[in-house]
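Here the sequence shown is numbered in the numbering used here, starting from 4 and rising by one per residue.
Note that CB positions come from ideal geometry on N, CA and C, so glycine has one too.
A short write-up of the structure that comes next.
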Amino acid sequence: MKNYKIYLFVFLAFLSYSCEDIIDVDLAQGRAQIVVDGFLNNKFEKQRIRLISTNGYFDPTTPPLIENADVKVTDLVNNKTMIFSYESNGYYTWTPQTLADTLIVRQRPADFDRDGDGRYDNYYKLDVTVNFLDKNLAFEAYTSLERVPPIDSLIFKTSRESNVEEELIFGEIWAKDFAGPADCYWIKTYKNGDFLNKSNELSIAFDITPGRSEFGDIITEDTYFIPPIRNSINPSRTEEEIENNAPLYEIGDSIYCEIHSITENTFDFLSQSRQQMSNGGLFARPLANVPTNIIPLNEESEGQAVGIFCGSAISSKGYRITTQPPYDD
């Protein structure tokens, strides 16, 4: 009987080992596309638009850079053109020479109502032309720079747990969404100079909530973000970090937060991008291109561009934790 058990163990071990064969999946390569990363803002600083090419899903190499494009942005209100010159690493840049050259934020009329076509009175227009894979491609896109609320304060507290080792310092951002419909925001947080850029740290708001809602049609006065938005400036921890009581923030940490106004189609783009980045598990949905506001201008350009073009007004505030914050009672 003892020998039988030994043989059985050896057989099972061999069977387990033989089930670990590596399977190479030969996927058909789809056509390459141009990815537009076109986020501009109203700061007196260099503005950048990045163009890269897609590559295979399992390809670990850096995506090819688009270095031969003509890129310009037109201010359709003042009839001014900004030529973006290629710099490096796929980035095309333009720098305002004076404060008067910075991008303008739209002032909404009292009867403001978006028509849903993504053009928003055509404040700024992006034009891209490029020879790509022996095709002469041309694209355009439109955006405005929407209003952004100031950050009232960054508040930090200590959670009151069952023992000292489990106590956590956490933060909240306090800002008020404007009264009126469809204000969209992207809240960016930096901890000790490092951007919190995990997929589950991507914080976007539609009015005062994380998702699309009707609050903008109901709220008649400026209203603070609800807790899921206020608490979104805290780092995400892995299961292992939670088990080891890793801190969110510690005394000595510096925190810097920005609120970027974004257009509705950019909100949808970021929302669906976040879903794609965190997609997984048994019930994962099939991967698909996220809808884009990049418009092809000829037949060759159809289906050849993905990405987003968006302008943002920005408000910001920083804070350094110098002492133990008060308990959250």
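Among Ser216, Ile254 and Asn200, which one has its Cα closest to the Cα of Cys260?
For this step, residue 260 is matched to residue 257 along the sequence shown. Between Cys260 and the set Ser216, Ile254 and Asn200, the nearest pair of CA atoms involves Asn200.
Inter-residue Cα distance where the pair is Pro66 and Val38:
Against the sequence shown, residue 66 aligns to sequence position 63. Against the sequence shown, residue 38 aligns to sequence position 35. Near 10 Å, if we compare the C-alpha coordinates of Val38 and Pro66.
Cα-Cα separation, Ile221 to Trp177
For this step, residue 221 is matched to residue 218 along the sequence shown. For this step, residue 177 is matched to residue 174 along the sequence shown. Spanning the two alpha carbons is a distance of roughly 21 Å.
Are the CB atoms of Ala35 and Ser56 nearer to each other than 7 Å?
Position 32 of the sequence shown, counting from 1, holds the residue named residue 35. Position 53 of the sequence shown, counting from 1, holds the residue named residue 56. Yes, the pair counts as a contact, with Cβ atoms nearer than the cut-off.
Would the region 151-163 and the region 125-141 be scored as touching if the rule is three or more Cβ pairs under 8 Å?
Counting C-beta pairs closer than 8 Å gives fewer than three between the region 151-163 and the region 125-141, which falls short of the contact rule.
Report yes or no: do the region 134-149 and the region 200-213 share at least 3 C-beta pairs separated by less than 8 Å?
With a cut-off of 8 Å, the region 200-213 and the region 134-149 do not count as touching, because too few Cβ pairs lie within range.
Please state whether DSSP places Asn268 in a helix, a strand or coil.
For this step, residue 268 is matched to residue 265 along the sequence shown. Three-state DSSP puts Asn268 in a helix.
Proximity below 7 Å, CB of Thr146 to CB of Gly314
The residue labelled residue 146 in the question sits at position 143 within the sequence shown. The residue labelled residue 314 in the question sits at position 311 within the sequence shown. Yes, the pair counts as a contact, with Cβ atoms nearer than the cut-off.
Could you have a look at Gln390 and say whether DSSP puts it in helix, strand or coil?
Residue 390 is absent from the structure shown; the chain starts at 4 and stops at 332.
Whole-angstrom distance between Asp225 and Glu217, CA atom to CA atom:
Along the sequence shown, one-based indexing puts residue 217 at 214. Along the sequence shown, one-based indexing puts residue 225 at 222. Taking the straight line from one Cα to the other gives about 15 Å.
Which runs of the beta strand (DSSP E) fall wholly inside the region 143-197 and span at least 3 residues, in chain order?
List check, beta strand (DSSP E) in window: 154-161, 172-180 and 187-194.
In chain order, what residues of the same chain lie with their CB nearer than 8 Å to the CB of Phe194, ignoring the 5 residues before and after it?
Position 191 of the sequence shown holds residue 194. Here residue 194 turns out to be Lys, not Phe, going by the sequence shown. Cβ within range, chain order: Pro238, Tyr252, Asp256, Ser257 and Ile258.
Identity of the residues DSSP links to Ala308 by a beta bridge:
As a first step, residue 308 must be located in the sequence shown, where it is residue number 305. Ala308 pairs with Ile37.
Leaving out five residues before and five after Thr325 in sequence, what residues of the same chain have Cβ atoms less than 6 Å from its Cβ?
Looking up residue 325 in the sequence shown gives position 322. Closer than 6 Å at the Cβ level, and outside the excluded window around Thr325, lies no residue.
Val131 - partner residues in DSSP beta bridges:
Position 128 of the sequence shown holds residue 131. Val74 and Phe142, per the DSSP bridge assignment.
Once you ignore the five residues that flank Asn45 on each side, which residues in its own chain have a CB closer than 8 Å to its CB?
If you number the sequence shown from 1, residue 45 lands on position 42. Counting only Cβ-Cβ distances below 8 Å, and skipping sequence neighbours, we find Thr105, Leu106, Ile107, Val108, Leu148, Gly314, Ser315, Ala316 and Ile317.
Beta strand (DSSP E) runs contained entirely in the region 224-266, provided each spans 3 or more residues:
Taking only runs of at least 3 residues, the beta strand (DSSP E) segments lying wholly in the region 224-266 are 257-265.
Of all the options Gly310, Leu300 and Gly183, which has the alpha carbon lying nearest to the alpha carbon of Val293?
Looking up residue 293 in the sequence shown gives position 290. In terms of Cα proximity to Val293, the closest of Gly310, Leu300 and Gly183 is Gly310.
Mapping DSSP to helix, strand and coil, what is Ala208?
Start at 1 with the first residue of the sequence shown, and residue 208 comes out as number 205. In this structure, Ala208 counts as strand in the three-state DSSP scheme.
First and last residue of the uninterrupted beta strand (DSSP E) at Ser91:
Translated into positions along the sequence shown, residue 91 becomes position 88. Counting along the chain, Ser91 sits inside the beta strand (DSSP E) bounded by residues Lys83 to Ser91.
Need the endpoints of the beta strand (DSSP E) that Thr96 sits in, please.
On the sequence shown, position 93 is the one that residue 96 refers to. Unbroken beta strand (DSSP E) run through Thr96: Tyr94 to Trp97.
Which first and last residues belong to the beta strand (DSSP E) in which Ser318 is found?
Indexing the sequence shown from 1 puts residue 318 at position 315. Run containing Ser318: Ile317 to Arg323, per the beta strand (DSSP E) assignment.
Three-state class that DSSP yields for Leu273 in the structure shown
Start at 1 with the first residue of the sequence shown, and residue 273 comes out as number 270. The answer is helix: DSSP assigns Leu273 an H, G or I state.
Indicate the three-state DSSP secondary structure (helix, strand or coil) for Ser216 in the structure shown.
Within the sequence shown, numbered from 1, the residue matching residue 216 stands at position 213. Coil, per DSSP.
Pull up the DSSP beta-bridge partners for Tyr330, would you.
Locating residue 330 in the sequence shown gives position 327, where the first residue counts as 1. Note: Tyr330 sits in a beta bridge opposite Thr161.
Compute the distance between the beta-carbons of Ala308 and Phe142, then report whether it is under 7 Å.
Taking the first residue of the sequence shown as position 1, residue 308 is located at position 305. Taking the first residue of the sequence shown as position 1, residue 142 is located at position 139. Remark: C-beta atoms of Ala308 and Phe142 approach each other more closely than 7 Å.
Closest Cα partner of Pro230 within the set Gly174, Glu242 and Ser276:
Translated into the one-based positions of the sequence shown, residue 230 becomes position 227. The residue from Gly174, Glu242 and Ser276 with its alpha-carbon nearest to that of Pro230 is Gly174.
Between Phe87, Pro99, Asn234 and Tyr127, which lies nearest to Ser156 when the distance is taken from Cα to Cα?
Against the sequence shown, residue 156 aligns to sequence position 153. With distances taken between CA atoms, Ser156 lies nearest to Asn234 out of Phe87, Pro99, Asn234 and Tyr127.
Looking at Pro152 and Lys179, is the spacing between their C-beta atoms short of 7 Å?
Here residue 179 refers to the residue found at position 176 of the sequence shown. Here residue 152 refers to the residue found at position 149 of the sequence shown. Contact: yes.
Can you have a look at Lys191 and say buried or exposed, based on whether 16 or more other CB atoms are within 10 angstroms of its CB?
Position 188 of the sequence shown, counting from 1, holds the residue named residue 191. So Lys191 counts as buried.
Please name the residue in Pro184, Ser88 and Tyr330 whose C-alpha comes closest to that of Lys49.
The count along the sequence shown starts at 1 and reaches residue 49 at position 46. The residue with the shortest Cα to Cα distance from Lys49 is Ser88.
With a 10 Å radius around its C-beta and 16 neighbouring C-beta atoms as the bar for buried, classify Gly41 as buried or exposed.
On the sequence shown, residue 41 is found 38 positions in, with the first residue counted as 1. Around the beta carbon of Gly41, 16 or more other beta carbons sit within 10 angstroms, so the residue counts as buried.
Leaving out five residues on either side along the sequence, give the residues of the same chain with a beta carbon under 8 Å from the beta carbon of Pro299.
To locate residue 299, count along the sequence shown from 1; it is residue 296. If we look at Pro299 and ignore the five residues flanking it on each side, its Cβ neighbours are Leu140, Ala141, Phe142, Glu305, Gly306, Gln307 and Ala308.
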